[in-house]
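Chains as they are written, first to last, in the working numbering: chain A, 3 to 403; chain B, 3 to 403. All C-beta atoms in this analysis are idealised placements derived from N, C-alpha and C, irrespective of residue type, glycine included. Data block below; observations after.
Number of protein chains: 2
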Amino acid sequence: MRILVLGGDGFCGWPASLHLSERGHDVIIVDNFARRAADVELEVSSLTPIAPLGTRLAAWRELTGREIAFRRLNVAEDYHDLLELISSYRPDAIVHYAEQRAAPYSMKSSWHKRYTVANNIGATHNLLAAVVESGTDPHVVHLGTMGVYGYGTAGVRVPEGYLTVKMTGDDGRDVEQEILYPANPGSVYHLTKTQDALAFAYYNRNDGVRVTDLHQGIVWGTDTRETAIDERLINRFDYDGDYGTVLNRFVMQATIGHPLTVHGTGGQTRAFIHIRDSVRCIELAVENPPERGDRVRIFNQMTESHRLIDLAELISRLTGAEISFVDNPRNEASANELAVENRRLLDLGLEPITLEEGLLREIGDVAAKYVDRCDRDKIPCRSRWTRAHPGADRPATVYAT
Amino acid sequence: MRILVLGGDGFCGWPASLHLSERGHDVIIVDNFARRAADVELEVSSLTPIAPLGTRLAAWRELTGREIAFRRLNVAEDYHDLLELISSYRPDAIVHYAEQRAAPYSMKSSWHKRYTVANNIGATHNLLAAVVESGTDPHVVHLGTMGVYGYGTAGVRVPEGYLTVKMTGDDGRDVEQEILYPANPGSVYHLTKTQDALAFAYYNRNDGVRVTDLHQGIVWGTDTRETAIDERLINRFDYDGDYGTVLNRFVMQATIGHPLTVHGTGGQTRAFIHIRDSVRCIELAVENPPERGDRVRIFNQMTESHRLIDLAELISRLTGAEISFVDNPRNEASANELAVENRRLLDLGLEPITLEEGLLREIGDVAAKYVDRCDRDKIPCRSRWTRAHPGADRPATVYAT
Numbered sequence: 003m004r005i006l007v008l009g010g011d012g013f014c015g016w017p018a019s020l021h022l023s024e025r026g027h028d029v030i031i032v033d034n035f036a037r038r039a040a041d042v043e044l045e046v047s048s049l050t051p052i053a054p055l056g057t058r059l060a061a062w063r064e065l066t067g068r069e070i071a072f073r074r075l076n077v078a079e080d081y082h083d084l085l086e087l088i089s090s091y092r093p094d095a096i097v098h099y100a101e102q103r104a105a106p107y108s109m110k111s112s113w114h115k116r117y118t119v120a121n122n123i124g125a126t127h128n129l130l131a132a133v134v135e136s137g138t139d140p141h142v143v144h145l146g147t148m149g150v151y152g153y154g155t156a157g158v159r160v161p162e163g164y165l166t167v168k169m170t171g172d173d174g175r176d177v178e179q180e181i182l183y184p185a186n187p188g189s190v191y192h193l194t195k196t197q198d199a200l201a202f203a204y205y206n207r208n209d210g211v212r213v214t215d216l217h218q219g220i221v222w223g224t225d226t227r228e229t230a231i232d233e234r235l236i237n238r239f240d241y242d243g244d245y246g247t248v249l250n251r252f253v254m255q256a257t258i259g260h261p262l263t264v265h266g267t268g269g270q271t272r273a274f275i276h277i278r279d280s281v282r283c284i285e286l287a288v289e290n291p292p293e294r295g296d297r298v299r300i301f302n303q304m305t306e307s308h309r310l311i312d313l314a315e316l317i318s319r320l321t322g323a324e325i326s327f328v329d330n331p332r333n334e335a336s337a338n339e340l341a342v343e344n345r346r347l348l349d350l351g352l353e354p355i356t357l358e359e360g361l362l363r364e365i366g367d368v369a370a371k372y373v374d375r376c377d378r379d380k381i382p383c384r385s386r387w388t389r390a391h392p393g394a395d396r397p398a399t400v401y402a403t
Numbered sequence: 003m004r005i006l007v008l009g010g011d012g013f014c015g016w017p018a019s020l021h022l023s024e025r026g027h028d029v030i031i032v033d034n035f036a037r038r039a040a041d042v043e044l045e046v047s048s049l050t051p052i053a054p055l056g057t058r059l060a061a062w063r064e065l066t067g068r069e070i071a072f073r074r075l076n077v078a079e080d081y082h083d084l085l086e087l088i089s090s091y092r093p094d095a096i097v098h099y100a101e102q103r104a105a106p107y108s109m110k111s112s113w114h115k116r117y118t119v120a121n122n123i124g125a126t127h128n129l130l131a132a133v134v135e136s137g138t139d140p141h142v143v144h145l146g147t148m149g150v151y152g153y154g155t156a157g158v159r160v161p162e163g164y165l166t167v168k169m170t171g172d173d174g175r176d177v178e179q180e181i182l183y184p185a186n187p188g189s190v191y192h193l194t195k196t197q198d199a200l201a202f203a204y205y206n207r208n209d210g211v212r213v214t215d216l217h218q219g220i221v222w223g224t225d226t227r228e229t230a231i232d233e234r235l236i237n238r239f240d241y242d243g244d245y246g247t248v249l250n251r252f253v254m255q256a257t258i259g260h261p262l263t264v265h266g267t268g269g270q271t272r273a274f275i276h277i278r279d280s281v282r283c284i285e286l287a288v289e290n291p292p293e294r295g296d297r298v299r300i301f302n303q304m305t306e307s308h309r310l311i312d313l314a315e316l317i318s319r320l321t322g323a324e325i326s327f328v329d330n331p332r333n334e335a336s337a338n339e340l341a342v343e344n345r346r347l348l349d350l351g352l353e354p355i356t357l358e359e360g361l362l363r364e365i366g367d368v369a370a371k372y373v374d375r376c377d378r379d380k381i382p383c384r385s386r387w388t389r390a391h392p393g394a395d396r397p398a399t400v401y402a403t
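Quick look at the structure:
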């Protein structure tokens, strides 16, 4: 297949691009290096020494003989470049990672909120408008987040996107309908993903655009089979308070002798997926497209759920690291249950990599190897969800990020 | 009260500004003249000869002694100007009309889709971010649309924003929850209003921003008590295929001897409100703000529902005009039922002006007075909802605009 990967230089986009190329697909990466620019802004670097994209692509060609092309453009701004690319390349699939993906980053300031909204809504809508205007029929595969559901599930297992509900009709009888699971975002970043979902539903219904929306859990791990071949292919490892994800941060903290920073009580339950499963899910989604006329297909791209405190205690047991409870910067419930349906990717053949010591040690090995690159000052999360505001003195609700 | 009216030069914003001023409030209009610019683009004018805003404001001052101030800025782009205005003026209420408001305009081309998304999402999010950053606590009153609900109601009366549903819990028992009514937009314009609703819900929950979202029906009529005082205060009358609303278009068509253009079968049922009730609803919403800590308050700002064919037949009976059935440019159901709950504005004191011959004649009188300004070539709707697209060959669903 011909595949465009929008945001193909990022933490998930890069290993997915390599994996799709390795599977024999023709891949073009589109990126504007926004993620690398955020490193410059935040004065932090990936713990792993990621190579420039040109070096990455040359190494991949040298090592495998496979060619991945690259087009630098800003999907949220360069509409006509995007349209021209889709019209001429006529991709079978477009994997859409071209969004600002960190909740804490989206809450740092009004600029970060506005950038996240303009970039994410603009990128998704430009993509959909360009697909329609091009007259082509690519399958759009979007990276969403489990966070669109929120984490107040009222005892209902989180379904894959759609929820069957009963409402009372005018005649007093129950009417059953299937609806998009009610959105409940926990940050401006998550808000944009819920707004994306409405755009996908509309363009699917009005224009027949085929879409798979992948509601991904928190990604852990760093390397995939392909990125591990050569150091020039190495993937990002973010440990900072904005872009670092919780499990990688714990392992990193343990490695450098920093206490494990648990936000609040650690009673928050979250969904997880290993980076190798993440790229495998992209492969499964791309190679099994929806039919024409199908509604937006939604998969929960996660393999397991854990309470954050349980993860911290596991790492602590393995490494002897201390646990430090810090004020939760997020406006979220201190604890929640989470049960998630994820049959659809399993049915397509996903064999989950679940949490086990070997893989945690592997992350620790990566962290240890590059420990000298760590800036300890970047570890705390300095974004705050709320500020002094006359109306903001309510207690946090059961809704969470 | 101190009130900012964003988009205060438009069809609803202008009479609302006058009405709030007449009620003794201190009003500042914010506008970027986007609506007048669209007239230039579409090569059409309001049937009524609207005066420049400076002339309007001078006439209002001359006639009533009341001062309405004006700030030209683009709410979707000039964030810091907006922030400075909110921070210094410290409004009690901000009425937000600063959005592209025509469904056909939003569907004309990919540029129009992208403009509508960037403008509407940008304006709403800039407003919310600026309210939070300013540290002030204005009540945000947003003009939404009945179209966010869609028109496939499955026999359920459309509630005011929130719907009680039952879902099946993990233990097999029904769990009852109140959710935002599932969004079902019928155009890119309507899509932006459903995305707005998610932004309001998020900023209300996270930051305590007080919001009233008014889901307005199709507005008919032209003049309010205030705009009728002097011709320099006259309101817009749009009759063109993009910005003209259906009932005003029928009356206008009858007046000039043009057949009444019914899209499709005319079996579409829609909600309506007279322009005088629209401005009265703004007054009621502004003067009865929600409490701090209240969730987003949603009112259905409509007074009656009618099938379009019934309206055409009524006008035809009164005037002898012929009815012409034309292809429906919209991707919508050919017929639908619509029952709407609207108790909350009635409870605040709204006394509905419903469809009656006297008011229709009044519109006809306005149309007759300015008939020489009419460009008949601008009457048809030339926007099309769908184009040749491989996936777009499904029949239209029950969902409608």
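- Please confirm if residue 169 of chain B has its CB atom under 8 angstroms from at least one CB of chain A. If you number the second sequence from 1, residue 169 of chain B lands on position 167. Chain A, which has a Cβ nearer than 8 angstroms to the Cβ of residue 169 of chain B, makes this yes.
Worksheet item: For chain A, is any of its Cβ atoms less than 8 angstroms away from the one on residue 195 of chain B?
Response: Along the second sequence, read from residue 1 onward, the residue named residue 195 of chain B stands at position 193. Closer than 8 angstroms: no.
Q | Contact the stretch 247-260 of chain A vs the stretch 282-295 of chain A: 3+ CB pairs below 8 angstroms | A | no
Assigned secondary structure, residue 401 of chain A (DSSP; H/G/I helix, E/B strand, else coil) = Here residue 401 of chain A refers to the residue found at position 399 of the first sequence. Bear in mind that a pLDDT of 30 at residue 401 of chain A, under 50, signals an unreliable position, so the number given afterwards is only what the model happens to contain. DSSP, read as helix, strand or coil, puts residue 401 of chain A in coil.
>> Please report the distance separating the alpha-carbon of residue 52 of chain A from that of residue 33 of chain A.
In response: Position 50 of the first sequence, counting from 1, holds the residue named residue 52 of chain A. Position 31 of the first sequence, counting from 1, holds the residue named residue 33 of chain A. When rounded, the distance between both Cα atoms is 15 angstroms.
Per-residue contacts from residue 153 of chain A into chain B (C-beta, under 8 angstroms): Within the first sequence, the letter at position 151 stands for residue 153 of chain A. The premise fails here: residue 153 of chain A is roughly 13 angstroms from chain B at the closest Cβ pair, so nothing lies under 8 angstroms.
Taking Cβ-Cβ distances below 7 angstroms as the criterion, which residues of the stretch 88-119 of chain A are in contact with chain B?
112, 115, 116 and 119
Residues bridged to residue 72 of chain B by DSSP?
Along the second sequence, read from residue 1 onward, the residue named residue 72 of chain B stands at position 70. DSSP lists B:31 as partners of residue 72 of chain B.
Of all Cβ atoms in chain B, is any one closer than 8 angstroms to the Cβ of residue 4 of chain A? Locating residue 4 of chain A in the first sequence gives position 2, where the first residue counts as 1. No, its Cβ sits nowhere closer than 8 angstroms to a Cβ of chain B.
Checklist line | residue 262 of chain B, DSSP secondary structure in three states | finding: In the second sequence, counting from the first residue as 1, residue 262 of chain B sits at position 260. Of the three classes helix, strand and coil, the one that applies to residue 262 of chain B here is strand, per DSSP.
- Taking 8 angstroms as the CB-CB limit, is residue 177 of chain B close to chain A? Residue numbering aside, residue 177 of chain B sits at position 175 when the second sequence is read from its first letter. Residue 177 of chain B counts as touching chain A.
> If we count the other Cβ atoms within 10 Å of its Cβ and call it buried at 16 or more, is residue 162 of chain A buried or exposed?
Replying inline: Taking the first sequence and counting its residues from 1, the one referred to as residue 162 of chain A is at position 160. When all chains shown are included, residue 162 of chain A counts as buried.
Worksheet item: Closest Cβ-Cβ distance between residue 330 of chain A and chain B: below 8 angstroms?
Response: Along the first sequence, one-based indexing puts residue 330 of chain A at 328. Residue 330 of chain A does not count as touching chain B.
Query raised in the report: Thinking C-beta only, is residue 268 of chain B closer than 8 angstroms to residue 319 of chain B?
Result: One-based indexing of the second sequence puts residue 319 of chain B at position 317. One-based indexing of the second sequence puts residue 268 of chain B at position 266. It is not a contact, given that the beta carbons lie outside the stated cut-off.
- Which residue from A:70, A:234, A:350 and A:206 puts its Cα closest to that of residue 61 of chain A? As a first step, residue 61 of chain A is located in the first sequence; it is residue number 59 there, counting from the start. The option with the nearest alpha carbon to residue 61 of chain A is A:234.
Residue 369 of chain B versus residue 21 of chain B: straight-line alpha-carbon distance, rounded:
Counting from 1 along the second sequence, the entry for residue 369 of chain B is found at position 367. Counting from 1 along the second sequence, the entry for residue 21 of chain B is found at position 19. Rounded to whole angstroms, the gap between the alpha carbons of residue 369 of chain B and residue 21 of chain B is 23 angstroms.
Would a C-beta distance cut-off of 8 angstroms place residue 143 of chain B and residue 100 of chain B closer than the cut-off? Reading the second sequence from its first residue, position 141 is the one you call residue 143 of chain B. Reading the second sequence from its first residue, position 98 is the one you call residue 100 of chain B. No; because the gap between Cβ atoms is not below 8 angstroms, this pair is not in contact.
Query raised in the report: Can you name, in chain order, every residue of its own chain whose Cβ lies under 6 angstroms from the Cβ of residue 306 of chain A, other than the five neighbours on each side?
Result: On the first sequence, position 304 is the one that residue 306 of chain A refers to. 274 and 356.
Review point. Residue 135 of chain A versus chain B: which residues are under 7 angstroms apart at the beta carbon?
Key: Your numbering for residue 135 of chain A matches position 133 in the first sequence. The answer, in chain order, is 112.
Q. What is the DSSP secondary structure of residue 14 of chain B, counted as helix, strand or coil?
A. Here residue 14 of chain B refers to the residue found at position 12 of the second sequence. Coil.
message: Strictly by DSSP, which residues pair up with residue 164 of chain A?
response: By 1-based counting over the first sequence, the position of residue 164 of chain A is 162. Looking at the DSSP assignment, residue 164 of chain A forms a beta bridge with A:182.
Open item on the list: Strictly under 8 angstroms for the Cβ-Cβ distance: is residue 124 of chain A near chain B by that measure?
Closed with: Position 122 of the first sequence, counted from the first residue, corresponds to residue 124 of chain A. Yes, residue 124 of chain A counts as interfacial toward chain B.
*Per DSSP, what kind of secondary structure is residue 282 of chain B in: helix, strand or coil?*
As a working mapping, residue 282 of chain B is identified with position 280 in the second sequence. It is helical.
What does the alpha-carbon distance come out to for the pair residue 92 of chain A and residue 365 of chain B? For the purposes of this step, residue 92 of chain A is identified with residue 90 of the first sequence, where counting begins at 1. For the purposes of this step, residue 365 of chain B is identified with residue 363 of the second sequence, where counting begins at 1. Their Cα atoms are separated by approximately 52 angstroms.
- prompt: Should residue 268 of chain A be flagged as near chain B, meaning a C-beta pair shorter than 8 angstroms?
  reply: In the first sequence, the residue the question calls residue 268 of chain A occupies position 266. It does not; no Cβ of chain B falls within 8 angstroms.
7 angstroms Cβ cut-off: residues of chain B touching residue 201 of chain A: Taking the first residue of the first sequence as 1, we reach residue 201 of chain A at position 199. Here the neighbours are 193.
*asked:* If you follow the beta strand (DSSP E) that residue 363 of chain B is in, where does it begin and where does it stop?
replied: Here residue 363 of chain B is taken as the residue at index 361 of the second sequence, counted from 1. Element bounds for residue 363 of chain B: not the beta strand (DSSP E) but the alpha helix (DSSP H), 359-371.
* According to DSSP, residues forming a beta bridge with residue 216 of chain B -> By one-based count along the second sequence, residue 216 of chain B stands at place 214. B:145 and B:301.
query = To which residues of the same chain is residue 73 of chain B closer than 7 angstroms at the C-beta, ignoring the five residues directly before and after it?
reply = Locating residue 73 of chain B in the second sequence gives position 71, where the first residue counts as 1. The residues are 30, 32 and 87.
Exercise for the section: Taking only beta-carbon positions, decide if residue 80 of chain B is within less than 8 angstroms of chain A. Expected result: In the second sequence, residue 80 of chain B corresponds to position 78, counting from 1. So, not an interface residue.
task: With 7 angstroms as the C-beta to C-beta threshold (strictly closer), list the residues of the stretch 196-230 of chain A near chain B in chain order.
output: Listed by position, the residues of the stretch 196-230 of chain A near chain B (Cβ gap below 7 angstroms) are 196, 197, 200, 201, 204, 207, 208, 209, 210, 211 and 212.
Review point. Residue 301 of chain B to residue 214 of chain B, Cα distance in whole Å?
Key: As a working mapping, residue 301 of chain B is identified with position 299 in the second sequence. As a working mapping, residue 214 of chain B is identified with position 212 in the second sequence. Residue 301 of chain B and residue 214 of chain B: Cα-Cα distance of roughly 7 angstroms.
task = Could you tell me whether the Cβ of residue 127 of chain B comes closer than 8 angstroms to any Cβ of chain A?
result = Taking the first residue of the second sequence as position 1, residue 127 of chain B is located at position 125. Answer yes: the Cβ-Cβ gap between residue 127 of chain B and chain A drops below 8 angstroms somewhere.
Hey, is residue 172 of chain B's beta-carbon within less than 8 angstroms of any beta-carbon in chain A? On the second sequence, position 170 is the one that residue 172 of chain B refers to. With 8 angstroms as the cut-off, residue 172 of chain B counts as an interface residue toward chain A.
Exercise for review: For residue 381 of chain B, name the three-state secondary structure that DSSP assigns.
Suggested key: Here the question's residue 381 of chain B lines up with position 379 in the second sequence. The answer is coil: DSSP assigns residue 381 of chain B none of H, G, I, E or B.
How is the beta strand (DSSP E) around residue 306 of chain A delimited, first residue to last?
-> The residue given as residue 306 of chain A occupies position 304 in the first sequence. Start and end: 306-309.
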